[in-house]
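For reference, the structure is listed below as structure tokens.
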Amino acid sequence: MATGAPAVREAKEIGRPANLLVTTFQQIWGSYTLRTILQALITIWAVITFTFFLIRLMPGNPVDVYVDYLINLENLSYEEALSRAASQFKFDPNESMIQQYLRYMGQVLRLDLGESITSTGTQVLDQILRFLPWTLFAAGSGLLIAFVVGMILGVIMAYNRNSWADNALSLFAAILSAVPNYIWGLLILIIFGVQLNLFQIGELRGTYDPTTTPGFNLPFIISVLEHAFLPVLVYVMGIVGSWMLNMRNSTVSVLGEDYVNVARARGLSQRRILTAYVGRNASLPMFTLLAINIGLILGSSVIIEQLFVYKGMGDFLIWSITQRDYTSMQGVFLVITISVVLSNLIADLLYSQLDPRVRVGEGSR
Amino acid sequence: MSEIPEKRKIEPESSFLGDLMVPLKVFGKALWRNKAGLVGFIGLVFFLLLITIGPVLVPFDDQVKLDQIAAPPGSRLQLLVHADDAERFRSLQDFEGQGVLAYVEKTGAEDLVAPYVDDPNYTIEDFRFRSGRGVRESVDALARDEIDGLIIFSENVRMIVNGPDAPEAYQNLVVSNEGLGVPHLLGTDTQGRDIFSHIVNGGGSLIVTALLAGMFSTLIAIVLGSVAALQGGLPDRMLTAAANFVLTIPRFPLLVVLAVLVGDQLSNFVLLAALIASLSWPVLMRAIRSLVLSLRERDYVEVARALDLGTGHIIMREILPNMMSFVAINFIFATTAAMYLQIGLIFLGMAPITDYSWGVMLYFGRTRGTLFSADSASMVLSPVIAIALFQVSLVLFARAVEEMFDPRLRSA
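Chains as they are written, first to last, in the working numbering: chain A, 1 to 365; chain B, 366 to 777.
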């Protein structure tokens, strides 16, 4: 929330006059940016509010879950278990929801996500900072690799459209995206891990080999890469197909445009046509896809991280849901939402940078 | 997409059958041209038969057969005899007045010997299972020559008789008959139940739920998208904002929370489908909104509006028929997405387990560790392949439909 403020100020400062033409241009740009950022902030607030109440509507609360646990595993009576749970948790099930909400919003504004309810003494923010980098690393590399590979293959397919290679790649892309990514993950585990014994599944659990010391040393980096390899591969397999097909179709339609023919007629080099005319225009729709894909990949990380026992945000979310750890759940949703909103924002701003028509069109409305 | 109404009006007085034949011919031609689409179509027909007729032909195997646990595909019962009897005893009938035939209870051999049990010409002995010891006892009895033949599961032959710690006395035992009874085509699960029967019976609920969810989300998208585009103004802004809002929260985590919230009632598949649909409509809704925005500028819509035919008429009669192909294709994609969400939910154990579907098989494969053992791979691999094939069939078919409606996609 607080991070939005400096950006807003910055946007206003950019609008300061230099000369008349630049001023009008910058004002339009400024208002476009301003509006986009404001919308993002409102969205984040709405999501916090929505998930806050949704999470607290879930049957059972953390105290109940812990009481159940104590009764079943330590054979305590209900009263004993309740008093033990009450003394351990700071959570008060009798506080009204509105009070909880206002208190929480106040905390969030101060960038404080509160304390984890079930693991007392642990700050949710610390937990998130512990798990988030791994998810960002794995899902981010997956997204980036899929983006680059998909764009390149898409352009190749478009340039050779209706050839056997195009048809084969289209079919391949369709099959890749048809099958759920966790199904690919299971197939890889069963075929390459269990049947062919190419890798040891047990050793690849977690985010890195616990015998290495975290830091900037070779064994640690190698183990991190090894452990992330399968999740990243599966993320890529899940989304690269849609990138390929979208980039292909987008490039095909750009190749049919008059300005490409004109560029050809002018005798421009293939390379220049590809980069300045085709590539730039064909990749425009990809930026709107980027935001959707970030949501998809963060969502699927919940399953993929469970499958590969990769300790990231998705794994943490499932844990906090089963424990009914409200503050942790809330924190995860907040972070996921901020990442999606932020990437939407970046995609929007990048789009407006790449395609001036957007910001002029939006600004003059 | 706009060519369709013209096509319809070619022969206004043609018969019902003739009307039906034209699109069927177009459809057949499109599939013939797109071989991958044909494969997808055949796959879909196969799955349709599998979930309708399959359960009648292959009933769900609920019989716990304790000594056939997690056996690999192709396993079946075998006849174990002494080496010098191998020529004499080749089938169960050879035991008529000849010797003692034995089997172990609860191993599925009961069905095989049932016709002979009451026949005075046969001597049939049964060993009690007693938590697995019965199998070894029966082999011991055979080795001691107390019985002449033993019906035993091929896995047990491999483990007990041919295994590295088999006693010397087992050396002269041979399998005289390669396989009795119905083989377990895909092996057995952790309770010795036939996996093939689970694959046949476990697809119906998933496919029906996915189709329902796809239908619901497509309907929501059509209604909200057309209303937003045709009404404009405040309704449009509110609906678009709602769509963007739902898109902002990643779908799967939200679905998990909602599933926990709904709890056991989620075993109602209509509710599950509705829940999935409530999170899946926004992308299609935005696409339909922009499609309707462009369609509404067409002349025939302008005419309808000028004639004051009403929003309902404009949507149902003028706009909807012109985006049917788009809707049909997106319905298929919504179905595949619903399959993803639904099975993911079951896989994580976040949906109540009501019937033994492919998703539940995956869940047990993960939680019972069969995923990590080479011999029991079939328990996870079978549903994995079933799901993958279904999804691929759907998508290949969707591509053929897309090509049928959009001639520009046809390869030369």
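Note that beta-carbon positions come from the ideal geometry of N, C-alpha and C, so glycine has one too.
Residues that residue i bridges to, as DSSP identifies them
i      : result
B:D491 : B:Y468
B:G514 : B:V446 and B:L466
B:L538 : B:H447
A:E115 : A:Q123
Status (buried if at least 16 other CB within 10 Å, exposed otherwise) for residue i
i      : result
B:K394 : exposed
A:S250 : buried
A:Y182 : buried
A:N72  : exposed
B:F762 : buried
B:M689 : exposed
A:T118 : buried
A:S269 : exposed
B:L623 : buried
B:I708 : buried
Within-9 Å CB hit, residue i to chain B
i      : result
A:Q100 : no
A:L290 : no
A:T251 : no
A:N344 : yes
A:G154 : no
A:T337 : yes
A:F199 : no
A:P214 : no
A:S83  : no
A:V240 : no
A:L111 : no
Below-9 Å beta-carbon distance, residue i vs any chain A residue
i      : result
B:F492 : no
B:Y705 : yes
B:A753 : yes
B:R373 : Per-residue confidence for B:R373 stands at a pLDDT of 48, beneath the threshold of 50, marking its modelled position as unreliable; the derived number appears in the next sentence. Closer than 9 Å: no.
B:M715 : yes
B:L619 : yes
B:S738 : yes
B:G628 : yes
B:I708 : yes
B:F610 : yes
Of the residues the options, the one placed nearest residue i, counting alpha carbons only
i      : options                           : result
A:S343 : A:L176, A:F131 and A:L289         : A:L289
B:E470 : B:Q463, B:G464 and B:V478         : B:V478
A:M157 : A:V149, A:L57, A:A146 and A:L169  : A:L169
B:A703 : B:M689, B:S570 and B:A739         : B:S570
B:M681 : B:V573, B:I512 and B:V592         : B:V592
A:I239 : A:P285, A:G150 and A:R271         : A:G150
A:V260 : A:E226, A:T33, A:Y159 and A:N217  : A:Y159
B:I653 : B:V621, B:N687, B:D720 and B:N527 : B:N687
B:R493 : B:A467, B:W723 and B:R509         : B:A467
B:S643 : B:G579, B:Q556 and B:A716         : B:G579
B:V410 : B:V421, B:F755, B:V423 and B:S743 : B:F755
A:H227 : A:V234, A:D209, A:A46 and A:G215  : A:D209
B:S562 : B:E767, B:G499, B:M744 and B:D483 : B:M744
A:D348 : A:Y101, A:A138, A:A40 and A:I117  : A:A40
A:I331 : A:V47, A:I37, A:L34 and A:L125    : What sits at residue 331 of chain A in the sequence shown is Gly, not Ile. When only C-alpha atoms are compared, the closest one is A:L125.
A:M97  : A:M58, A:L109 and A:I128          : A:M58
A:Y326 : A:F52, A:D355, A:T36 and A:T33    : A:F52
B:D491 : B:D484, B:V465, B:E768 and B:L672 : B:V465
A:M105 : A:S328, A:L171, A:W45 and A:V341  : A:W45
A:L70  : A:S300, A:V63, A:G142 and A:A81   : A:A81
B:D629 : B:P388, B:M715 and B:V766         : B:M715
A:G142 : A:N293, A:V340 and A:I338         : A:N293
Where residue i sits in the DSSP three-state scheme
i      : result
B:T700 : helix
A:P133 : helix
B:Q556 : coil
B:P748 : helix
B:P420 : helix
A:W45  : helix
A:S269 : coil
A:E305 : helix
B:P485 : coil
B:A716 : coil
A:E226 : helix
B:S743 : helix
Residues within the segment 175-209 of chain A neighbouring chain C, beta-carbon criterion of under 7 Å: Given the protein chain composition of this structure (A and B), no chain C is represented.
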